[in-house]
Amino acid sequence: MTVNLKRSSPGGAQEPGRRSMLGLLTGAGLAGSGLLGVISNLVFIKPRATYGQPQRFTIGKPDDFPTGSRVALQAQKICVVREGDKLAAVSTVCTHLGCTVGLSETGFACPCHGSRFDHDGVVTGGPAPKPLPWYKVTLAPNGEIEVDKDTEVPSGSYLSL
Amino acid sequence: MSADTRNRSGLAGALRDLPRNVWNSIFRNPVPSNDVERSATTFTNFFLHIHPVKVHPNSLRPIYTMGLGLISFFLFLILVLTGIALMFYYVPATSQAYDRMLDLRGSVAFGTILRNMHRWAAHGMVAVVFLHMCRVFFTGAYKKPREFNWVLGVVLFLVTLLLSFTGYLLPWDQLAFWAITVGAAIAGYAPVVGKEIQFLLMGGNAVGQEALLRFYVLHVAVLPAVMTVLVAVHFWRIRKDGGLSRPPEAEIKPDLEVTRPPAVLDPKRTYGLQGLVRGPLTRVGDLPDNELYSWPHLFRAELFVLVVTVSVILLLSLAFNAPLEEPVNALHPPNPAKAPWYFLGLQEMVSYSAFWGGIGVPGIFVLLLLLTPYLDRNPKGVGKWFAKERLLANTVFLTFVVVNVIFVIIGTFFRGPNWAFVTPW
């Protein structure tokens with residue numbers, strides 16, 4: 001085994017410009033292909049269609065919610081608040097890490113990390129960074145209450161019946 | 162080598178020689194009875210050849226390594242084998258996963274013990290990998306030239322945590338569902354790309370079938386593949402970094418240097434491969450007179466650790482059943498909703514602040530761990546437990562360990578419904 005210890009490739013000394021250019025192009029080609037591969041994979045694993053519940057739905061007639069009541073609708077993850085002729089929908093998804101908060105005497109309490117909210121969803125304790133959002137509530141033409149979870153409204157915005 | 166290779170003649174002779182010839186074609190060396198054969202066996206056997214032929218006595222001191230790295234590896238083997246077995250009966254569908262757990266307990270032969278072994282080996286691996294990291298730190302074993310192997314080790318620890326996290330979601334019980342929900346929400350707090358990562362993890366806007374399938378693929382294919390490759394490199398680096406760390410032997414042989422000057426080769430001469438491969442590489446064989454043959458000393462120790470590890474996991478699995486909570490109720494989190502013990506420290510921190518507890522502080526910890534060998538360049542105190550020269554580094558690391566343990570204990574015993582502070586007595 002003979003060893004060539006000169007730091008150059010055999011026969012490459014005559015045309016260094018062409019060799020290094022080829023090396024550069026090869027490297028750029030490989031890097032570009034790798035980058036394309038990474039981007040394609042990211043595009044691939046990001047779903048285009050998602051499955052889930054509709055964000056706009058009806059929850060029944062106003063009469064289903066007696067005045068002064070707070071009714072938690074578990075499947076829709078909202079709490080319907082009725083006070084006299086006013087009605088509102090407050091989210092029951094904890095703004096901390098997404099657990100479902102339960103109704104408590106003072107408002108809402110989260111079982112996962114101990115966040116607490118008052119009746120209006122304002123944080124009164126624990127790690128939650130934001131108050132519970134209120135959603136837009138309208139009266140559909142057929143007299144049912146429609147909740148739109150895509151539209152947040154300022155807390156305290158009731159629907160007057 | 163010394164095996165009898167004289168063959169009898171004729172067909173009858175070939176048949177009579179058949180067992181011996183088949184055996185000798187598989188195992189080129191007889192069971193070693195002298196040092197040359199011990200070297201040849203270690204060197205030529207595929208499964209043994211990742212070991213050095215001779216090993217330093219310090220590497221065999223049980224009190225030095227406590228066998229923690231090896232135990233981690235054996236636990237990983239148990240997990241791979243039991244995990245593959247469990248895959249025959251598991252379906253990653255929200256409608257079936259929980260029923261499949263009940264099947265494993267009720268109608269699959271050895272189903273309970275397989276699931277128990279998989280669960281307890283997983284818990285054991287998280288604990289042992291962490292203890293292995295502590296051992297390496299307290300003996301200063303991450304010092305030059307082993308810096309990069311420490312970095313690989315930190316990454317392996319993270320992969321171990323990810324494997325256990327993606328694993329305990331698969332039964333699709335209450336713990337699984339709310340762990341996905343909380344885990345993905347923590348990822349959502351990461352700066353800039355957080356929400357995007359959360360969406361990719363869950364495969365949608367809510368935790369459901371897509372999320373279960375994603376975590377399943379990560380758990381049975383992606384992460385084990387990453388783990389296997391990194392473990393291989395981790396082992397390979399042990400050899401190439403000069404074997405296990407040990408106290409410097411300058412007193413015995415002052416001319417020994419881990420980093421030898423690069424070879425100065427004469428271009429006119431002919432060199433063998435060993436002549437070329439010189440420089441800052443392995444020290445194996447530098448001290449042959451002080452070292453012991455791997456066969457039988459190292460292999461006997463490894464076999465012992467294997468038998469103990471498997472026995473402990475088997476006994477645990479016979480004595481305790483792996484927990485299975487209620488089937489998923491997407492409407493009601495359990496109260497309190499607790500992660501497994503090794504994530505309760507994280508959950509405790511998250512209960513103060515989602516960003517700092519889930520991303521900020523853990524991120525800083527991991528960054529500090531990765532940079533440890535490049536920040537602490539004090540070359541003294543390698544190869545000794547709690548060396549005096551490393552008082553500062555060891556104190557810092559011990560503080561980090563104790564704080565973690567305290568958070569885990571608070572999360573485990575001192576948190577009740579609504580994550581309120583309770584006393585366990």
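Going down the list, the sequences are from chains C and P.
Reading the first sequence from the start, the letters are residues 1 to 161 in the numbering used here.
Reading the second sequence from the start, the letters are residues 162 to 586 in the numbering used here.
We put the beta carbon where it would ideally sit given N, CA and C, even for glycine.
Quick caveat: nothing in here was measured; it's all calculated off a predicted structure.
For residue i, which of helix, strand or coil comes out of DSSP?
i	result
Ala49/C	coil
Pro415/P	Because the pLDDT of Pro415/P is 39, which lies under 50, any placement of that residue in the model is unreliable, and the number read from its coordinates should be weighed accordingly. Three-state DSSP puts Pro415/P in coil, outside helix and strand.
Cys79/C	strand
Phe249/P	coil
Asp178/P	helix
Ser115/C	coil
Val3/C	coil
Pro609/P	Nothing about residue 609/P can be read from this structure; chain P reaches only from 162 to 586.
Asn142/C	coil
Asp264/P	helix
Arg70/C	strand
Asp85/C	coil
Ser160/C	strand
Any beta-carbon of chain P closer than 7 Å to the one on residue i?
i	result
Ala31/C	no
Thr50/C	yes
Cys112/C	yes
Ala109/C	yes
Leu97/C	yes
Gln74/C	yes
Pro47/C	yes
Pro127/C	yes
Thr106/C	no
Thr100/C	yes
Val3/C	yes
Spell out the partners DSSP gives residue i in its beta bridges.
i	result
Leu453/P	Val216/P
Trp134/C	Val90/C, Val153/C
Phe108/C	Leu103/C, Phe117/C
Arg56/C	Asp148/C
Leu459/P	DSSP output for Leu459/P lists no bridge partner at all.
Leu505/P	Partner(s): none; Leu505/P has no beta bridge.
Phe582/P	Arg576/P
With 7 Å set as the bound, which would you pick, yes or no: does the beta-carbon of residue i sit closer than that to a beta-carbon of chain C?
i	result
Pro253/P	no
Tyr303/P	no
Ala483/P	no
Gly228/P	no
Val583/P	no
Tyr377/P	no
Trp580/P	yes
Val383/P	no
Leu587/P	This structure leaves residue 587/P out entirely; chain P is present only between 162 and 586.
Asn366/P	yes
Tyr432/P	yes
Ser514/P	yes
Suppose you measure from the CA of residue i to the CA of residue j; what does that come to, to the nearest Å?
i	j	result
Arg576/P	Ser155/C	31 Å
Met162/P	Ile187/P	Its pLDDT being 42, under 50, Met162/P is placed unreliably by the model, and the measurement read from it follows with that caveat. Answer to the nearest angstrom: the Cα atoms are 13 Å apart.
Pro193/P	Leu322/P	41 Å
Pro523/P	Pro47/C	29 Å
Val419/P	Lys304/P	Note on Val419/P: pLDDT 46, under 50, position unreliable in the model; the coordinate value appears next. Between Val419/P and Lys304/P, the C-alpha separation is close to 12 Å.
Ala270/P	Leu247/P	11 Å
Arg199/P	Arg461/P	13 Å
Leu172/P	Trp184/P	18 Å
Ile232/P	Tyr250/P	28 Å
Ser486/P	Leu553/P	The question names Ser, but residue 486/P in the sequence shown is Glu. Roughly 44 Å between the two C-alpha positions.
Val290/P	Pro497/P	28 Å
Arg296/P	Thr226/P	7 Å
Gly369/P	Met363/P	8 Å
Leu132/C	Glu83/C	18 Å
Arg400/P	His212/P	8 Å
His127/C	Gly121/C	In the sequence as displayed, the identity of residue 127/C is Pro instead of His. Going by the C-alpha atoms only, they are around 14 Å apart.
Gly544/P	Ala393/P	23 Å
Asn195/P	Glu452/P	15 Å
Asp402/P	Gly542/P	17 Å
Ala455/P	Glu463/P	The sequence shown places Ser at residue 455/P, rather than the Ala named in the question. Cα-Cα distance, rounded: 10 Å.
Gly506/P	Arg280/P	20 Å
Leu459/P	Val473/P	21 Å
Spell out whether any CB of chain A is found under 7 Å from the CB atom of residue i.
i	result
Thr556/P	No chain A is present in this structure, whose protein chains are C and P.
Can you name the start and end residues of the alpha helix (DSSP H) that residue i belongs to?
i	result
Leu317/P	308 to 328
Ala554/P	552 to 574
Thr124/C	Taken as a continuous stretch (DSSP letters only), Thr124/C belongs to no alpha helix (DSSP H), being part of the beta strand (DSSP E) at 123 to 125.
Arg587/P	One cannot answer for residue 587/P here, as it falls past the ends of chain P, which runs 162 to 586.
Val527/P	522 to 536
Leu593/P	Outside the shown range of chain P, which is 162 to 586, sits residue 593/P, and nothing can be said about it.
So the beta strand (DSSP E) residue i belongs to, where does it begin and stop?
i	result
Arg407/P	From DSSP, Arg407/P is part of no beta strand (DSSP E); its letter is neither H nor E.
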